[in-house]
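Peer 1:
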């Protein structure tokens with residue numbers, strides 16, 4: 001093949017894709033100023049030189065283009081006076097789409113017109129024609145394709161001589177497809193062709209997203225002709241571009257050409273309205289704000305291309321409610337959506353809230369071409385403290401009883417026009433003058449905002465009969481700038497103090513006096529008098545005892561003089577830490593009477609009035625000396641210095657005490673008692689010891705200590721026998737005790753044997769049971785067949801004739817226990833009908849059960865009930881009255897209804913099924 005063969009050609013069929021609107025042809029029935037097209041599209045290369053012309057826009061002003069000036073919103077491009085768009089600087093553009101707006105201004109008519117310019121940037125611009133092959137003319141763009149088609153060559157990598165060389169790279173320009181096209185579909189986009197199809201059959205295919213990847217089959221290609229189609233309308237908001245690869249293979253699937261990249265861009269159409277993020281916006285602004293104060297921002301998003309007018313949103317305020325004090329209190333930044341105040345006069349006390357309808361329009365706010373949407377902005381005028389609180393009156397009055405606290409004396413009312421229950425409305429009260437001692441405070445009622453003048457420190461009528469207070473009211477929040485405090489924010493409060501009967505009080509409470517214990521009865525201790533604070537009332541005070549645990553004291557009812565009624569003892573149980581405490585009452589004769597209490601504490605000084613006591617009272621010692629000793633001490637109810645050191649000594653009488661015992665002093669509080677002789681017979685000994693304390697004067701006491709003398713082992717401990725002997729028990733006594741224990745054990749053993757024998761005898765009797773025994777839960781044998789009823793040894797009369805029947809004379813008819821017999825001719829059983837019924841037996845048993853349950857003479861335990869008592873005749877009765885009838889007239893089928901226990905009888909008499 002010659003050089004240049006095998007070139008892959010791409011035929012682009014625009015079908016209006018380079019226009020902004022599919023099939024939107026301008027029809028001018030009359031001259032209308034404006035651009036010839038709404039959207040202009042051009043294909044440019046990545047490298048652009050400064051001043052390089054890119055395309056030209058056409059504008060018609062219906063008269064002359066003089067006076068019309070052009071401008072763009074992209075600083076990289078400029079528009080000449082003739083509409084030529086050129087680059088403002090040299091630049092390297094990325095391979096993507098660039099869109100900007102061109103505006104034509106007619107400053108004489110003060111009108112403007114806009115058009116969109118789209119620049120499709122490719123890596124390189126394709127030449128106007130392809131290279132010619134030797135001896136063969138290549139097809140050119142103008143010759144082979146319609147005026148709107150372009151024929152593009154593809155790089156070759158090998159000549160006919162097999163020499164490899166690198167030629168220029170060419171890139172297929174992006175294919176533009178307008179979104180929302182109405183078809184018809186499939187719609188041809190491009191034709192792919194390899195010049196090798198002159199020699200061999202070629203099959204074409206495409207791959208990529210939109211072809212063989214989801215979304216599937218948006219694009220397809222005719223495998224034989226290479227024509228690529230779009231099969232359905234495009235949506236730029238769903239997907240803005242597609243990247244496909246075109247393949248050429250022979251019939252055997254062998255690659256003929258290298259794959260080429262196809263870029264398909266979806267051209268945006270204005271098919272989406274701006275959508276506000278929120279349908280309702282809430283904002284606030286302080287009342288009295290200056291013009292230009294920021295309030296809030298509303299935001300609307302447009303799904304269309306934000307680089308074009310389709311997605312450029314502009315805002316405006318449609319309405320404002322209420323229109324007070326001006327119909328234009330707010331304005332909005334058309335691009336950012338910021339709402340600010342534009343006029344002064346915001347006053348919350350007049351208008352608390354404004355409702356503003358905001359409109360967002362795309363196409364840069366062009367109401368003729370753009371799509372719009374609205375949202376509501378609710379602007380709350382927030383309160384500022386521009387109204388000081390004012391008292392409703394200039395003076396207030398109240399009264400309070402003396403000695404009372406937490407009492408509300410007066411309620412102060414104020415008026416504040418600011419927002420209720422806010423810091424600008426909440427009142428704060430202060431007492432400016434008239435209360436130097438701080439008897440009063442003013443608290444604010446959180447609901448009514450009233451000031452409650454409250455007594456926090458008791459007032460005394462004898463000290464102050466009235467108070468003149470000056471109070472001031474303010475708010476929790478400071479006043480707004482420029483607002484002055486009103487003269488009505490201060491008021492006067494007059495408070496009168498009421499005199500009441502106050503209780504007498506003891507000036508020295510608790511009163512402490514000191515004296516020695518043991519003072520005689522009738523001694524005057526002190527005068528415990530009270531003071532009546534009511535100086536302006538002539539009242540008498542009377543005294544009485546309220547608490548005197550030991551009843552040691554008396555008090556004079558008129559002057560409060562206290563005397564002793566008994567001897568005061570420091571060692572008494574009523575003394576705590578040497579102090580005796582008594583409480584007295586002082587009451588006046590006012591109306592109503594009032595009383596006060598006072599406590600008198602008497603500190604008793606100890607005297608030596610208690611002799612020491614020897615400890616311990618009992619002890620044990622071995623019969624031989626030098627084995628152990630007894631440590632002794634003393635206890636004294638007095639306190640130091642009337643206690644130890646103690647003196648321990650043995651009395652001279654009886655003489656045996658000093659002969660047998662001796663005392664050795666250890667220290668001031670302890671001594672040792674031991675045997676003086678070499679041996680003392682075991683036994684109990686009373687040893688008298690004289691103990692003397694160190695008081696002034698000293699007191700002595702002779703105490704007896706019981707000493708047990710016993711034989712001891714080598715360790716000095718009393719032996720068991722020795723301890724018993726020492727306790728006074730001889731050998732005879734010990735033997736007697738052992739004999740008693742043996743006799744007691746023998747009696748217990750005999751009682752157990754007797755009980756076993758009695759239990760055995762009880763089980764040998766089969767039918768006769770001891771009346772004392774309980775027959776419950778016992779198994780009785782009834783299978784012994786003797787020679788006849790008369791030959792039995794059993795006494796059956798116990799079952800038929802109780803010894804006494806007094807307890808059943810008044811008993812109601814019915815069922816009886818085993819120990820009863822009927823009295824009189826009363827029937828024993830309920831009368832049954834002639835023809836038995838299956839329920840008769842059950843009813844009969846239930847009636848008997850009820851009679852037994854209601855029997856007041858029944859024992860507290862379960863007993864046997866007799867239903868077949870037959871008198872005192874034969875114990876067996878007669879069976880001669882039983883005869884069987886041979887008549888078949890009787891129907892015994894009802895026996896089948898009586899249950900399984902009567903089944904055998906039913907089979908015998910009921911005429912069951914014959915075998």
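Residue numbers (UniProt numbering): 1 to 915.
In this text, a Cβ means the ideal position worked out from N, Cα and C, and glycines have one as well.
All of these numbers come straight from a predicted model, not from anything done at the bench.
1) Under the three-state reduction of DSSP, which class applies to residue 198: helix, strand or coil?
2) Less than 7 Å between C-beta atoms, sequence neighbours within five positions excluded: which residues of the same chain meet that for residue 202?
3) Could you tell me if residue 173 is buried or exposed, where buried requires 16 or more neighbouring beta carbons within 10 angstroms of its beta carbon?
4) So which of 68, 185, 121 has the shortest CA-CA distance to residue 47?
5) Looking at the structure shown, is residue 160 part of a helix, part of a strand, or coil, going by DSSP?
6) Per DSSP, which residues does residue 99 bridge with? Please list them.
7) Suppose contacts are defined by Cβ-Cβ distances below 8 Å. Is residue 608 in contact with residue 695 by that definition?
8) Identify whether residue 311 lies in helix, strand or coil by the three-state DSSP scheme.
9) Have a look at 646, 905, 568 and flag the residue whose alpha-carbon is nearest the alpha-carbon of residue 891.
10) Hey, would you say residue 553 sits closer than 8 Å to residue 562, going by beta carbons?
11) Reducing DSSP to helix, strand and coil, say where residue 746 ends up.
12) My output table needs one value for residue 613: the three-state DSSP class, helix, strand or coil.
13) Reducing DSSP to helix, strand and coil, say where residue 517 ends up.
14) I need the straight-line Cα distance from residue 103 to residue 211, nearest angstrom please.
15) According to DSSP, is residue 359 helix, strand or coil?
16) Are the CB atoms of residue 667 and residue 636 nearer to each other than 8 Å?
17) Looking only at C-alpha atoms, which of 425, 320, 460 sits nearest to residue 403?
18) Determine which residues share a DSSP beta bridge with residue 903 and list them.
19) So if DSSP puts residue 182 in a beta bridge, which residue, or which two residues, is it bridged to?
20) Out of curiosity, what's the CA-to-CA distance linking residue 619 and residue 705?
21) Which of helix, strand or coil does DSSP assign to residue 329?
22) Between the alpha carbons of residue 70 and residue 175, how many angstroms are there, rounded?
23) Can you tell which of 268, 96, 474 has its C-alpha closest to the C-alpha of residue 233?
24) When we look at the beta-carbon of residue 899 and count the other beta-carbons within 10 Å, is it buried (16 or more) or exposed?
25) Could you give the uninterrupted runs of the beta strand (DSSP E) lying entirely in the UniProt domain "Cadherin" (613-721), keeping only those of 3 residues or more?
26) Leaving aside the five residues before and after residue 676 along the sequence, list all residues of the same chain whose C-beta is less than 8 Å from its C-beta, in chain order.
27) If you draw a straight line from the alpha carbon of residue 907 to that of residue 853, how long is it in whole angstroms?
28) Whether or not the region 305-320 and the region 267-283 are in contact is what I'm after, with contact meaning three or more pairs of Cβ atoms, one per stretch, closer than 8 Å; do they touch?
29) Do the region 334-354 and the region 289-300 meet, that is, are 3 or more Cβ pairs less than 8 Å apart?
30) Rounded to a whole number of angstroms, what is the C-alpha to C-alpha distance between residue 327 and residue 343?
31) How many angstroms separate the CA atom of residue 376 from the CA atom of residue 105?
32) On the CB-based measure, 16 or more other CB atoms within 10 Å of its CB, does residue 916 come out buried or exposed?
33) Taking only the alpha-carbon atoms, compute the straight-line gap between residue 692 and residue 740 and give it to the nearest angstrom.
34) Can you list, in chain order, the residues of its chain whose CB lies under 8 Å from that of residue 456, leaving out five sequence neighbours each side?
35) If you follow the beta strand (DSSP E) that residue 247 is in, where does it begin and where does it stop?
36) Evaluate residue 496 with the Cβ neighbour count: other Cβ atoms within 10 Å of its Cβ, from every protein chain shown; 16 or more gives buried, anything less gives exposed.
Peer 2: The structure says:
1) If DSSP states are grouped into helix, strand and coil, residue 198 belongs with the helices.
2) Setting aside the 5 residues that flank it on each side, residue 202 is surrounded in the same chain by 194, 196, 248, 250, 256, each with a C-beta closer than 7 Å to its C-beta; the list follows chain order.
3) buried
4) 121
5) Any answer about residue 160 is weak, because its pLDDT of 40 lies below 50 and its placement is not dependable; what the coordinates show is given next. Residue 160: coil per DSSP, three-state reduction.
6) 118
7) The Cβ atoms of residue 608 and residue 695 sit closer than 8 Å to each other.
8) helix
9) Among 646, 905, 568, the Cα nearest to that of residue 891 belongs to 905.
10) yes
11) Correct three-state label for residue 746: helix.
12) Three-state DSSP puts residue 613 in a strand.
13) coil
14) In a straight line, the C-alpha of residue 103 is about 40 Å away from that of residue 211.
15) strand
16) no
17) 460
18) The partner list for residue 903 (beta bridge, DSSP) is empty, contrary to what the question assumes.
19) DSSP, once it has assigned bridges, lists no residue as partnering residue 182.
20) 7 Å
21) coil
22) 29 Å
23) 268
24) exposed
25) 613-615, 618-622, 630-635, 647-649, 661-665, 671-675, 683-692, 700-710
26) 625, 658, 659, 660, 661, 662
27) 37 Å
28) Result yes; three or more Cβ-Cβ pairs closer than 8 Å.
29) yes
30) 10 Å
31) 34 Å
32) Because the chain here runs from 1 to 915, residue 916 falls outside it and cannot be looked at.
33) 50 Å
34) 405, 406, 438, 439, 440, 441
35) 241-249
36) exposed
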